[in-house]
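Notes to accompany the following structure.
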Amino acid sequence: MGADLTRHVKRNIVAYIALLPMAAVVIFAYLGTMAWSVRLSFSSSKLLPRNDFVGFAQYVTLFDTSRWQTSLGNLAIIAFFFLLICFVLGCLLAIFIDQNVRAESLFRTVFLYPYAMSFVVAGLIWQWILNPDLGIQHTMHGLGFSGFVLDWVVNPQMVLYAIILATVWHGSGLVMALILAGLRGVDTEIWKATRIDGIPAWRVYVSIVLPMLRPMIITSLVLLSISIVKMYDVVVAMTNGGPGTASEVPAKFIMDNLFERANIGLATAASTVMLVTVLLVMAPVIYSQYFRKSGRAS
Amino acid sequence: MSQAKSATTKRPLTYHEVWGRVGIYAFLGVLALFFLLPLYVMLVTSFKSMDEVRLGLIFSLPQQFSIDAWVKAWTSACTGLECTGLQVGFGNSVKILVPSVVLSILLGALNGYALSFWKVRGANVLFACLLLGSFVPYQVFIYPLVRFYAKTGIYGSLPAIVITHIIFGMPVMTLLFRNYYSGLPLELFKAARIDGAGFWKIFFSIILPMSVPIAIVAVIMQVTAIWNDFLLGLVFAGRDNLPMTVQLNNIVNTTTGERAYNVNMAATVLTSLVPLTVYLVSGRWFVRGIASGAVKG
Amino acid sequence: MSSVSLQNIDISYGNVPIVKKLDLTIKDGEFLVLLGPSGCGKSTLLNAIGGLTDVSGGSIFFNDKDVTWTDPKDRGIGMVFQSYALYPTMSVERNLSFGLRIAGIDRATIEKKVKWASELLQIDHLLDRKPSALSGGQRQRVAIGRALVRDADIFLFDEPLSNLDAKLRAELRLEIKKLHKTLKSTMIYVTHDQIEALTLADRIAVMKDGIIQQLDTPLNVYNKPANEFVGSFLGSPAMNKVEGRLVSEGESRFFIAGDFRLDVSRYPFAQNIESSRKVVLGLRPEHILPANGSAAAIEGQVSLVEPMGSNILAWSTFDGVSLSHLVGQDDSCEADRTFPVTIDVQKASFFDAETGWRL
Chain A
197 MGADLTRHVK
207 RNIVAYIALL
217 PMAAVVIFAY
227 LGTMAWSVRL
237 SFSSSKLLPR
247 NDFVGFAQYV
257 TLFDTSRWQT
267 SLGNLAIIAF
277 FFLLICFVLG
287 CLLAIFIDQN
297 VRAESLFRTV
307 FLYPYAMSFV
317 VAGLIWQWIL
327 NPDLGIQHTM
337 HGLGFSGFVL
347 DWVVNPQMVL
357 YAIILATVWH
367 GSGLVMALIL
377 AGLRGVDTEI
387 WKATRIDGIP
397 AWRVYVSIVL
407 PMLRPMIITS
417 LVLLSISIVK
427 MYDVVVAMTN
437 GGPGTASEVP
447 AKFIMDNLFE
457 RANIGLATAA
467 STVMLVTVLL
477 VMAPVIYSQY
487 FRKSGRAS
Chain B
32 MSQAKSATTK
42 RPLTYHEVWG
52 RVGIYAFLGV
62 LALFFLLPLY
72 VMLVTSFKSM
82 DEVRLGLIFS
92 LPQQFSIDAW
102 VKAWTSACTG
112 LECTGLQVGF
122 GNSVKILVPS
132 VVLSILLGAL
142 NGYALSFWKV
152 RGANVLFACL
162 LLGSFVPYQV
172 FIYPLVRFYA
182 KTGIYGSLPA
192 IVITHIIFGM
202 PVMTLLFRNY
212 YSGLPLELFK
222 AARIDGAGFW
232 KIFFSIILPM
242 SVPIAIVAVI
252 MQVTAIWNDF
262 LLGLVFAGRD
272 NLPMTVQLNN
282 IVNTTTGERA
292 YNVNMAATVL
302 TSLVPLTVYL
312 VSGRWFVRGI
322 ASGAVKG
Chain C
717 MSSVSLQNID
727 ISYGNVPIVK
737 KLDLTIKDGE
747 FLVLLGPSGC
757 GKSTLLNAIG
767 GLTDVSGGSI
777 FFNDKDVTWT
787 DPKDRGIGMV
797 FQSYALYPTM
807 SVERNLSFGL
817 RIAGIDRATI
827 EKKVKWASEL
837 LQIDHLLDRK
847 PSALSGGQRQ
857 RVAIGRALVR
867 DADIFLFDEP
877 LSNLDAKLRA
887 ELRLEIKKLH
897 KTLKSTMIYV
907 THDQIEALTL
917 ADRIAVMKDG
927 IIQQLDTPLN
937 VYNKPANEFV
947 GSFLGSPAMN
957 KVEGRLVSEG
967 ESRFFIAGDF
977 RLDVSRYPFA
987 QNIESSRKVV
997 LGLRPEHILP
1007 ANGSAAAIEG
1017 QVSLVEPMGS
1027 NILAWSTFDG
1037 VSLSHLVGQD
1047 DSCEADRTFP
1057 VTIDVQKASF
1067 FDAETGWRL
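Protein chains in written order, with my numbering: chain A, 197 to 494; chain B, 32 to 328; chain C, 717 to 1075.
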């Protein structure tokens, strides 16, 4: 066995060397940093990392911090509406575009272009349009509708929906593109069979076609979920967490505690919570999507 | 469905079908307007003078067409005390973009090649970890990386941000090339080995020349992703290398006194110009990138 | 039970005509096969009969009812597709019953029909499975079952066996034939496989370029092909074709191609043929027989033999004309030797050299 292994490595030595950069990135940049982040979350680190051990003290503090509670609650609301609206809107757009419409490629281009732009840009644009002193509200007042109110970005009750609006604008094209690609892959004979069976078109989509597109649906939901968990840029550009703490999100909480509040222990505790949540939620999805069918058996 | 309908027909559409078509176009049209609205507002405002902006009619076309705001955004818009315009950020973004894109694609291709054609023990476990890493929020990695760069003395420099982009681009680039190479016939590789070609010879003479289509997809994905990055540039690039997105946010959100909305909007459009151009030129390749980077291995 | 009548049918995609001015009547209970190479319009025609493709001219009648613009679901048809077109996320039972449920038929009836169809097709043990867990043959049985439960008067088959391997194809071919015998429904079957056409059909319509070349029983289509195309499209090994001319000498008539000369006086020409008319002689390999000492034998120089199991296909040259012919295993026909044969002129075919039509 030992001799076999040596011979195998010798024979493929160049391939081993070629994979060293990847190994280094995985071991140091991914696993190492992750481990150290988790380790720091059990220390009392403030401005500089410390090597002491304070148990779950940082986690207790974290969940006592109202800003963190707000952040988590906000993320939950944003994630729920964002995923729901993006998915429904993206599917509808794809299905409608699939009805043999004229100027199909124009529609496709229009619905997907926001996805090519940065979250910063998305945040800034919608900040202006929803800004009561400048945007739609101001314009409507100018036109004589003085009772018109659209102040989402400065209204603590509505600011999350402003963010949802901007992110939906940014992301629903992605769902459309993936679902449309899937629809185009559906065997035309399936459609013929449903016409012989006399199944109404909407029923075909709901009962037959969309279930067939499960991989595309999961892929788009995974991509959107990742972008929501990582969500930072759009909030910074649009509201910077305000008004007050009404639109704080976990990613921003961590960044603030790392670089502005010099509270590394608390920040790493928060990032560990995010890490565990993501792994728990994503693990089954990742497993079924990426590892069930492994590459070529060599 | 589309095929079945494409035959020419003498049959007049029924009342029901006519209203169906009207509904489809109405739905798509209204949503197209919603999607285009921000771009339209940005463009018209950027061509207005501040006097006109103060009138507060964001949807009206500019009465006096002016490119002053564009010139100002590019050459003299202020971030705090410095008033050097977005051109600085643009230059920085290009400096970050070029080495990051080239290196991350080359490494992705190399990884994909080694993973799909060579037997390296433990490589699949490594790859699995890499993929898993791509789902983890950046915030988990950022602080340790900052410390690491600080220790090695490159924190806040161009190499630091380039290395960071390579690290975080690696999962999707490796996946992209690995999937593509898995679709190439293994016989090709076997034939080359029988002809006596080694690891690098096969990679450079046979595999890389066959990788053009997927490399185009990779370029599209990486250019868009790296150009649009905000967080990594903010943390790792350092004051002298801040990318365009960070500078844009600084220009817009740190101004004191009256906000020059026309300049801000011109700056926003300028920042989006690179990814928008990539998107419009690449067309279906862009979608292919989204799909092939994410759909199963 | 239903007859089908197509009158003056035109179908085109954009400006490209696919089917041209086509008339066809299919009798009640008949098994009609549309046979032709890919792109000949046979599938398009079948889709038009099913209402899946709109015609650009002409009318379609089922019995005496004009169904040209009737919705597919109201035509009383069942259809089976090449790719099976099963609903992949539904179980076999759901696949069979889905259309009936949508139509609002009561549970008991649906259950009865599903049971009947699945037993008839021997798929009753598979009802809980998803299509992905079935073999190709089983999938096609389910697809046939889905057509059966619809109580259809007319069954349309669009190359249903093309995706199956040779053994399964033969098995299901038999199954479909039995089904026709049991149900006695009208069946229209599209294929490019001549064996399927010859074994299944009551009548075959051979199509090319959107036009029916010949409509007749399998035997007639095979033995008396209406033109050169039909003659060479059917038959394996393929028909020999020799260009030459017909020459009358007194009471006798000869086919002459260079040095090759054949007495064809016994061929039943359909019309009077002037002397020295240019023709193409079509000869199936099985109609060139080992001479066995017959006087009319001609000698061939054998160049190649291909054993095909039950018999042997030999390639020989007769006075400069190369012909393939079948010989038995015991006929001791070997390459680079000579071999005497007789040609069964009555079973040959003559085609006009210019128009290709049978003489």
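Ideal Cβ positions, reconstructed from N, Cα and C, are used throughout, including at glycine.
Check: Reduced DSSP secondary structure (H/G/I, E/B, other) of residue 779 of chain C; Outcome: coil
Check: Cβ neighbours of residue 354 of chain A in the same chain (closer than 6 Å, five flanking residues each side left out); Outcome: 348
Check: Minimum C-alpha distance to residue 2 of chain B - residue among A/341, A/328, A/229; Outcome: No answer is possible for residue 2 of chain B: the residues shown for chain B start at 32 and end at 328.
Check: Paired residues, beta bridge with residue 1032 of chain C - DSSP; Outcome: C/1018, C/1039
Check: Status (buried if at least 16 other CB within 10 Å, exposed otherwise) for residue 944 of chain C; Outcome: buried
Check: Beta-carbon proximity list for residue 709 of chain C, same chain, < 7 Å, skipping 5 on both sides; Outcome: Nothing in the structure corresponds to residue 709 of chain C, since chain C is present only between 717 and 1075.
Check: Neighbour-count burial assignment, residue 286 of chain A, 16 or more Cβ in a 10 Å radius; Outcome: buried
Check: Cα-Cα separation between residue 86 of chain B and residue 80 of chain B, rounded to whole angstroms; Outcome: 10 Å
Check: Backbone CA spacing between residue 778 of chain C and residue 62 of chain B [nearest angstrom]; Outcome: 45 Å
Check: Cβ distance (whole Å) where residue 434 of chain A is taken to contact residue 358 of chain A below 8 Å; Outcome: 7 Å
Check: Under 7 Å (Cβ pairs) to chain C, residues found in the segment 393 to 404 of chain A; Outcome: 393, 394, 395, 399, 404
Check: Top-ranked residue by Cα proximity to residue 68 of chain B, from A/307, A/400, A/343, A/462; Outcome: A/307
Check: Range covered by the beta strand (DSSP E) that runs through residue 235 of chain A; Outcome: Counting along the chain, residue 235 of chain A falls outside any beta strand (DSSP E), though it belongs to the alpha helix (DSSP H) covering 229 to 237.
Check: Minimum Cβ-Cβ distance from residue 187 of chain B to chain A less than 8 Å; Outcome: no
Check: Neighbour list for residue 386 of chain A in chain C, Cβ cutoff strictly below 9 Å; Outcome: 797, 799, 801, 802, 803, 804
Check: Closer than 7 Å at the beta carbon, the chain C residues around residue 427 of chain A; Outcome: What residue 427 of chain A touches in chain C: nothing, since even the nearest Cβ is about 33 Å away.
Check: Rounded C-alpha distance that separates residue 740 of chain C from residue 1065 of chain C; Outcome: 26 Å
Check: Where residue 362 of chain A meets chain C, residues with beta-carbon distance less than 8 Å; Outcome: Simply none; closest approach about 35 Å.
Check: Chain-ordered chain B contacts of residue 451 of chain A [CB-CB under 7 Å]; Outcome: 170
Check: Reduced DSSP category for residue 750 of chain C - H, G, I as helix; E, B as strand; rest coil; Outcome: strand
Check: Alpha-carbon to alpha-carbon, residue 193 of chain B and residue 328 of chain B; Outcome: With a pLDDT of only 31 at residue 328 of chain B, under 50, the local geometry of the prediction cannot be trusted, and the value read off the model is given with reservation. Taking the straight line from one Cα to the other gives about 27 Å.
Check: CB contact check: residue 815 of chain C to chain A, cutoff 8 Å; Outcome: yes
Check: Close beta carbons around residue 196 of chain B, own chain, < 6 Å, minus the five adjacent residues each side; Outcome: 131, 257
Check: Contact set between residue 893 of chain C and chain A, taken where Cβ atoms lie within less than 9 Å; Outcome: By Cβ distance, chain A contributes nothing, its closest Cβ being about 23 Å from residue 893 of chain C, past 9 Å.
Check: Residue 871 of chain C - partner residues in DSSP beta bridges; Outcome: C/794, C/903
Check: C-alpha gap between residue 115 of chain B and residue 454 of chain A, whole angstroms; Outcome: 29 Å
Check: Simplified DSSP state of residue 200 of chain A, which is helix, strand or coil; Outcome: helix
Check: Residue closest to residue 418 of chain A, alpha-carbon to alpha-carbon, out of A/257, A/381, A/475; Outcome: A/475
Check: Interface partners of residue 127 of chain B on chain A, CB under 8 Å; Outcome: Here the premise fails: no neighbours, minimum Cβ distance about 14 Å.
Check: The segment 235 to 252 of chain B in contact with the segment 398 to 407 of chain A per 3-pair CB rule at 8 Å; Outcome: no
Check: Proximity test, residue 753 of chain C beta-carbon vs the ligand NAP heavy atom, cut-off 7 Å; Outcome: Among the components of this structure there are no ligands whatsoever, and the ligand NAP is therefore not found.
Check: Neighbour flag for residue 391 of chain A against chain C, beta carbons, 8 Å; Outcome: yes
Check: Proximity below 8 Å, CB of residue 1021 of chain C to CB of residue 1007 of chain C; Outcome: no
Check: Element boundaries [alpha helix (DSSP H), containing residue 729 of chain C]; Outcome: Premise fails: residue 729 of chain C lies in the beta strand (DSSP E), 720 to 729, not in any alpha helix (DSSP H).
Check: Helix, strand or coil at residue 338 of chain A according to DSSP, with G and I counted as helix; Outcome: helix
Check: Chain A residues whose Cβ lies nearer than 7 Å to that of residue 768 of chain C; Outcome: 388, 391
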